[in-house]
Structures are given as structure tokens and as C-alpha cells.
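S.K.:
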Amino acid sequence: MTPKKESQYLAEGVSRREVWSWAMFDFANSGYTTVVITAIFNAYFVAVVAGNQNWGTFAWTASLAVSYILIILSAPALGAYADAYATKKRLLLLTTVGCVLFTALLYFAGPGDLWLAIILIILTNFFFGSGENLIAAFLPELAQSKALGKVSGWGWSLGYIGGLFSLGCSLAYVTWAQDQGQEASQFVPVTMLITAVIFAMACIPTFLYLKERASPQPHLVGNLVIKEAFARLGDTLKHVHYYQDLARFLACLIFYQAGIQAVIALAAIYAQQAMGFNTSDTILLVLLINITAALGAFVFGNLQDKLGHIPTIGLTLIGWIIMILLAWMAESSAMFWLAANIAGLCLGASQSAGRALVGLFSPSSRRGEFFGLWGLAVKASSILGPITYGLVSWISHGDHRLAMLITGSYFLIGLVILTQVNVQRGQEAALHGPEK
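Our numbering numbers the first residue of the sequence shown as 26 and each following residue consecutively.
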């Protein structure tokens with residue numbers, strides 16, 4: 026990319042190296058979601074840790090739900106604190122250390138170690154989700170408003186490449202271990218160490234080159250940290266009617282992300298329980314999803330600023346609905362692989378587009394706080410979607426197809442709400458602030 030083209034997309038004073046270092050955090054933390062949440066440890070939790078009991082899937086989704094509740098309770102205040110004291114980068118380091126440490130400790134979760142696995146999953150996912158909100162809040166500082174979709178897409182596409190790298194390393198080790206006659210209880214714990222090490226190493230550029238550009242904001246209640254954070258959050262909620270399009274989009278986000286989060290958290294479980302995949306088949310499936318997700322994030326990231334944010338998200342939601350129907354009907358592996366490819370394309374596109382739209386709706390002085398609200402919405406959906414799937418599969422005595430179909434209805438609800446969002450009105454509200 027030439028300097029002239031670079032200036033078309035990046036904010037003043039932002040270099041390509043800094044944007045790359047920001048995107049490298051997506052590369053680093055995607056290994057966690059790919060290996061732990063999507064491909065390996067979730068199926069291992071149900072089959073090995075929980076001993077393939079009917080309640081195993083519900084126990085997994087309930088563990089994730091607890092971590093998301095903790096994030097919901099803390100994310101807006103954490104974002105408000107980051108804005109008030111200009112500490113996004115320091116808080117990001119803290120959450121990164123927490124996620125890496127507790128991911129490594131998953132090594133000790135073996136057959137029957139249910140409570141250890143539950144506690145560690147809650148902790149790892151809490152720190153991961155908190156860091157995800159913080160790294161997203163840097164986006165409006167790095168990209169010009171007209172290129173938020175494009176730059177967000179760079180991060181998501183590099184993130185899926187990072188997920189591929191971590192999963193590829195894990196697959197290489199799993200293949201070797203299986204050739205040695207090892208069982209899942211022996212080789213899966215080692216993949217947790219592999220994931221933790223890659224996360225720790227790959228995020229180093231982020232902390233070397235990413236700058237904290239925010240300035241401390243005027244304190245509302247002196248130096249009382251907790252009161253300050255909630256006072257700023259209360260001030261935003263007091264004027265939330267002014268940011269009506271942000272509120273509508275967050276509602277839309279809760280529903281369509283509920284479907285996405287169910288697919289992310291339960292893809293490997295569905296593949297093994299409904300389609301009869303083994304561990305290697307499942308890893309290959311998720312590898313393919315990550316490839317198509319990287320492609321989807323990059324392509325739609327470049328198209329989003331041309332097509333418009335709402336049409337782009339609407340197109341991906343239609344794709345998600347088609348994917349759910351194909352997975353529900355699939356009797357052959359060929360149809361299921363087709364559904365997985367569609368899921369990958371829509372996954373990268375819808376997540377990248379949603380993050381960019383929140384950036385467009387965020388006032389410059391409250392980016393950390395508004396991305397905290399974005400994180401709150403995503404985490405609420407992360408409870409709603411997987412818990413719905415887990416409850417349906419439990420009540421129906423393991424009918425994963427029915428669980429997938431019912432959870433997929435959230436995409437349709439999100440599509441309906443999306444039609445009520447006005448991008449121009451939402452952007453003007455962010456630029457001019459609430460009327461006093």
C-alpha cells in the first residue's frame with residue numbers, strides 16, 4: 026500500500042505498523058476462541074470432562090454464560106474507567122495476562138475434573154471478553170470514519186489467520202499424538218499450552234507499537250474510581266434516547282450475535298454429536314471455517330464502506346439463515362461442509378461489520394464506554410444463544426438438530442430490527458452529542 030492510499034484509510038498520525046500491531050491482537054486472541062471455545066476444548070469438555078452425559082452440553086453453555094454475566098456487569102464500567110483515565114492499553118495488558126495464564130491452566134482439566142474445568146473456562150473467557158472490548162475501542166482512533174469497515178475487516182481477517190495458525194499447530198500435535206496411540210485426555214490438554222504460548226507471543230507487537238491516544242476526561246466525582254466509572258455510564262444512559270440508532274443496533278446485535286455465539290461455542294459439539302465427526306474431522310472443519318471467515322472479513326470489509334453498513338450486515342444475516350437451514354437438513358457430510366463454508370463467510374463479515382458500525386456511532390470522548398456497551402450486547406447474546414441451544418438439547422434428550430434450528434431463529438429477529446437502524450442519523454448523534 027502506498028503512503029497516498031494509506032492516508033485515505035488511516036487517521037492522521039497513524040502508521041501502517043501501528044495498524045498492523047493493533048490487528049495482531051486479533052491474530053493473537055483468535056487462537057483462544059478457535060481452539061478452546063470452538064474446535065477442541067468444548068467437545069472435549071462434553072465428551073471427556075463431563076463423560077458424555079446428557080447435561081454435558083448444558084454445563085458447557087452454562088459455564089460460558091457465567092463468564093458473560095461477569096463481563097456484562099463489568100464491561101460498561103471498565104470502558105468508562107478506560108475513557109476517564111485513558112488506560113485502555115494498560116487494562117488490555119492485564120486482561121491478556123489473565124487469559125493466557127488461565128488457558129495454560131486448562132492443561133490440568135482431565136476426565137471428571139468438572140469443577141476445575143468450569144472455573145477455568147469462566148476465568149479465561151472473562152479475561153478474553155474484557156480484552157476484546159478494549160482492543161475494539163482503539164479502532165476509531167486508527168481509521169478514518171469512511172474506512173472503519175475496511176480497517177475493521179483487516180483486523181478480523183488477520184484474526185482468522187491467527188486462529189488458523191493456532192489450530193494448525195494443534196492439529197499437527199493431535200495427529201502426532203494419535204499416531205502414538207494417545208487418547209484425547211492426553212493430547213487435548215497439551216493443545217491448551219500451545220494456544221496460550223501462541224497468544225502470549227503474537228500479542229507482543231500490540232504492546233510495543235499501539236499507542237494510547239486518548240486523553241483523560243474530566244472526572245465527574247473526583248478520584249473515586251468505581252463511582253467515576255458508573256457516574257459516566259449513568260450519564261450516557263441518561264441520554265440514551267438521543268443515541269437511538271446505537272440502541273436499536275445493539276438490540277439487533279444481541280439477537281443476531283446470539284445465533285453466531287451458539288455456532289461458535291457449539292460447532293464442534295454439533296459436528297461430533299449430530300454428524301458423527303471425530304476430533305481430526307472437527308479440527309479440519311474449523312480450519313476451513315477460519316479460512317472462509319478470513320476471506321469473508323476481508324472481502325466484506327472492503328465492500329462495507331461502498332455498499333453501506335446496513336446492507337452489508339443484512340446480507341450476512343440472510344446468509345446465516347440459509348446456513349442454519351442447510352445444517353438442520355444435512356444428512357450427508359457434503360451438505361454440512363457447504364453449510365460450514367457459508368458460516369465462515371458470514372462469520373467474518375457480520376462480526377467485522379458490527380464492530381465498524383458501533384465505531385461510527387461512538388462519540389470520540391466515549392469510545393471505550395460505547396465499546397463497553399457493544400461488549401455488553403455481545404456478551405448478552407453469548408448467554409442467550411448457547412443457553413437456548415443447551416436447554417433445547419437437554420430437554421429434547423440430545424436433539425442437536427432441533428437445538429440448532431431454534432437457535433437460528435435469532436438471525437431472523439435481528440434482521441427485522443436492523444431495518445429500523447438509520448446510519449446517517451446515528452452518525453450525526455455521535456458527532457454532535459446529546460442535546461442539553
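All C-beta atoms in this analysis are idealised placements derived from N, C-alpha and C, irrespective of residue type, glycine included.
Could you pull out every unbroken alpha helix (DSSP H) segment of at least 4 residues lying fully inside the region 72-121, listed in chain order?
M.R.: Counting whole runs of 4 or more residues, the region 72-121 contains the alpha helix (DSSP H) stretches 81-110.
S.K.: So, with DSSP's three-state summary, where would you put residue 209?
M.R.: It is helical.
S.K.: So, at 6 Å on beta carbons, what are the nonlocal neighbours of residue 353 in its own chain, with the 5 sequence-adjacent residues on each side left out?
M.R.: Cβ within range, chain order: 426, 429, 430.
S.K.: Whole angstroms is fine: what's the gap from residue 333's alpha carbon to residue 198's?
M.R.: Going by the C-alpha atoms only, they are around 43 Å apart.
S.K.: Does DSSP classify residue 235 as helix, strand or coil?
M.R.: DSSP places residue 235 in coil when its eight states are reduced to three.
S.K.: To the nearest angstrom, how far is the alpha carbon of residue 113 from that of residue 238?
M.R.: Rounded to whole angstroms, residue 113 to residue 238 spans 10 Å at the Cα level.
S.K.: How many whole angstroms separate the CB atoms of residue 146 and residue 191, which I take to be in contact at a CB cut-off of 8 Å?
M.R.: Residue 146 to residue 191, Cβ: 17 Å. No contact.
S.K.: Can you give, in chain order, each stretch of the alpha helix (DSSP H) that sits fully within the region 304-366 and has at least 4 residues?
M.R.: Taking only runs of at least 4 residues, the alpha helix (DSSP H) segments lying wholly in the region 304-366 are 304-332, 334-354.
S.K.: According to the neighbour-count rule (16 or more other Cβ atoms, all chains shown, within 10 Å of its Cβ), is residue 133 buried or exposed?
M.R.: It counts as exposed.
S.K.: Under the three-state reduction of DSSP, which class applies to residue 134: helix, strand or coil?
M.R.: Coil, per DSSP.
S.K.: Quick check: what's the CA-CA separation for residue 387 versus residue 150?
M.R.: Answer to the nearest angstrom: the Cα atoms are 25 Å apart.
S.K.: Let me confirm a value: residue 349 is counted as buried when at least 16 other C-beta atoms fall within 10 Å, else exposed. Which label applies?
M.R.: When all chains shown are included, residue 349 counts as buried.
S.K.: Classify residue 359 as buried or exposed, calling it buried when 16 or more other Cβ atoms lie within 10 Å of its own Cβ.
M.R.: Per the 10 Å Cβ criterion, exposed.
S.K.: DSSP beta-bridge partners for residue 293?
M.R.: Paired residues: none, contrary to the question.
S.K.: Should residue 391 be labelled buried (16 or more other beta-carbon atoms within 10 Å of its own) or exposed?
M.R.: Residue 391 should be labelled buried.
S.K.: Would you mind reading off the limits of the alpha helix (DSSP H) that contains residue 164?
M.R.: Element bounds for residue 164: 164-167.
S.K.: Below 6 Å CB to CB, which residues in the same chain sit around residue 421 once its five sequence neighbours on both sides are set aside?
M.R.: Counting only Cβ-Cβ distances below 6 Å, and skipping sequence neighbours, we find 427.
S.K.: Compare the beta carbon distance of residue 410 and residue 432 with 7 Å and say whether it is the shorter of the two.
M.R.: In contact: residue 410 and residue 432 (Cβ atoms closer than 7 Å).
S.K.: Please name the residue, chosen from 440, 256, 385, that lies closest to residue 340 on a Cα-to-Cα basis.
M.R.: Among 440, 256, 385, the Cα nearest to that of residue 340 is on 440.
S.K.: Given a cut-off of 7 Å, decide if residue 438 and residue 280 are closer than it, judged by their beta-carbon atoms.
M.R.: Yes, the Cβ-Cβ distance between residue 280 and residue 438 is below 7 Å.
S.K.: Can you say whether residue 51 is buried or exposed, counting buried as having 16 or more other CB atoms within 10 angstroms of its CB?
M.R.: Per the 10 Å Cβ criterion, buried.
S.K.: Within its chain, find whatever has a CB closer than 6 Å to the CB of residue 413; leave out the 5 residues flanking it on each side and keep chain order.
M.R.: Answer for residue 413: 432, listed in chain order.
S.K.: Do the CB positions of residue 75 and residue 64 come within less than 7 Å of each other?
M.R.: Against a cut-off of 7 Å, the Cβ pair of residue 64 and residue 75 comes out as no contact.
S.K.: Around the Cβ of residue 54, are there at least 16 other Cβ atoms within 10 angstroms (buried) or fewer (exposed)?
M.R.: Residue 54 should be labelled buried.
S.K.: Could you tell me the distance, in whole angstroms, from the CA atom of residue 153 to the CA atom of residue 124?
M.R.: Roughly 6 Å separates the two Cα atoms.
S.K.: Quick one: complete beta strand (DSSP E) runs, 3+ long, within the region 372-422?
M.R.: Whole beta strand (DSSP E) segments, 3+ residues: zero.
S.K.: Can you check which of these residues, 99, 196, 233, 275, is closest to residue 44 by C-alpha distance?
M.R.: Considering only alpha carbons, the answer is 233.
S.K.: Measure how close the beta-carbons of residue 220 and residue 56 come, nearest whole angstrom, since I'm counting them as under 8 Å.
M.R.: So it is a contact: roughly 5 Å between Cβ atoms.
S.K.: Counting only the same chain and skipping the five closest in sequence on each side, list residues whose C-beta sits under 6 Å from that of residue 275.
M.R.: Counting only Cβ-Cβ distances below 6 Å, and skipping sequence neighbours, we find 402.
S.K.: Do three or more CB pairs link the region 207-222 to the region 368-381 at distances below 8 Å?
M.R.: They do not touch, by the three-pair rule.
S.K.: Do residue 365 and residue 351 count as a contact pair if the criterion is CB distance below 7 Å?
M.R.: No.
S.K.: Determine the contact status of residue 90 and residue 408, defining contact as a CB-CB distance below 7 Å.
M.R.: It is a contact, given that the beta carbons lie within the stated cut-off.
S.K.: Hey, does residue 436 have any beta-carbon neighbour from chain E nearer than 7 Å?
M.R.: Among the chains in the structure shown there is no chain E, since it carries only a single protein chain.
S.K.: Can you check which of these residues, 195, 395, 69, is closest to residue 137 by C-alpha distance?
M.R.: Closest option to residue 137, Cα to Cα, is 69.
S.K.: List the endpoints of the continuous alpha helix (DSSP H) containing residue 203.
M.R.: That run of the alpha helix (DSSP H) goes 173-204.
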